[in-house]
Amino acid sequence: MNNEDQRLTPKLGKHLVIILIFGFSIPAILATLTGAFEEAYQISTVVSSIATVVLVYVTFRYVRHTDQLVEETQQARLEEQQRQQEQRKRELTALRRGLLHEIQAGDDLEFFDENGVGNGNAVRRPAPTTIYEQNTDRIGLLTRQEIDAIVNYYTLLQKFEDELYLRNETNRGKVFRLVTTPAKIQSAEDEAIEAIKTNIDGTD
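Its first residue numbered 7, the sequence shown is counted upward by one per residue in the working numbering.
Quick look at the structure:
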């Protein structure tokens, strides 16, 4: 029985009760008017019994229909939750892969010595940060280990770039030791890569 049939069942049952009552009431009324009280009583008893059976059936079908609607609603909600979880899993996997690729692309650190001196005194970003900057609102969806490692890595990159700019503006041509050294960034890079790879391996 489809949903449409199930919705019609309670209505049909109620209509059937009404038809039975009116159908049997007419003979009962006629019997009463003609003085056949015993026959009228028997007809009324039959009508009452049939109406009770029909009402019980209608109530049963209505309860079954309601229970089925509840089950279907719960199933639909569960399927939607599963769909959303799968979608979120795919999005997080894509985010992890993007961040991993970007962090691994930070090879420009090799062109700086321990003091941050590169080719000439021009300030340049030592590693790409586009994916991180475009997804700062989604980083919080990752694990705590990933968040700490990734934020630490990109924070050090920014500090490194700020210190390079400061050095070139105020200490051009002079010896200047950076607080945020390439070695620190490299260590943070390794930690971020390890954290991301661990969770990618755990979800694939």
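For glycine and all other residues, C-beta sits at the position ideal for the given N, C-alpha and C.
Keep in mind it's a predicted model, so treat the numbers as computed, not measured.
Which same chain residues, not among the five before or five after Glu92, have their C-beta less than 8 angstroms away from its C-beta? Stepping through the sequence shown from its first residue, residue 92 is reached at position 86. Within the same chain, Glu92 has no close Cβ partners at all.
Decide if Leu172 is buried, meaning its Cβ has at least 16 other Cβ atoms within 10 Å, or exposed. Within the sequence shown, numbered from 1, the residue matching residue 172 stands at position 166. Exposed.
Could you tell me the boundaries of the alpha helix (DSSP H) in which Ile156 lies? Taking the sequence shown and counting its residues from 1, one reaches residue 156 at position 150. Counting along the chain, the alpha helix (DSSP H) containing Ile156 begins and ends at 150-176.
Give me, in chain order, the residues of the same chain whose beta-carbon lies closer than 7 angstroms to that of Asn141; leave out the 5 immediate sequence neighbours on both sides. In the sequence shown, counting from the first residue as 1, residue 141 sits at position 135. These residues qualify, in order along the chain: Leu101.
Helix or strand or just coil, what does DSSP make of Thr142? Position 136 of the sequence shown, counting from 1, holds the residue named residue 142. Looking at Thr142 - three-state DSSP - the assignment turns out to be coil, as it is neither helix nor strand.
Output yes if chain B places a C-beta closer than 8 angstroms to the C-beta of Leu75; else output no. Checking the listed chains, one finds no chain B in this structure; it contains a single protein chain.
Mapping DSSP to helix, strand and coil, what is Leu98? Residue mapping note: residue 98 aligns to position 92 of the sequence shown, counting from 1. Leu98 falls in the helix class under three-state DSSP.
In the structure shown, what three-state DSSP assignment does Val69 receive? As a working mapping, residue 69 is identified with position 63 in the sequence shown. Looking at Val69 - three-state DSSP - the assignment turns out to be helix.
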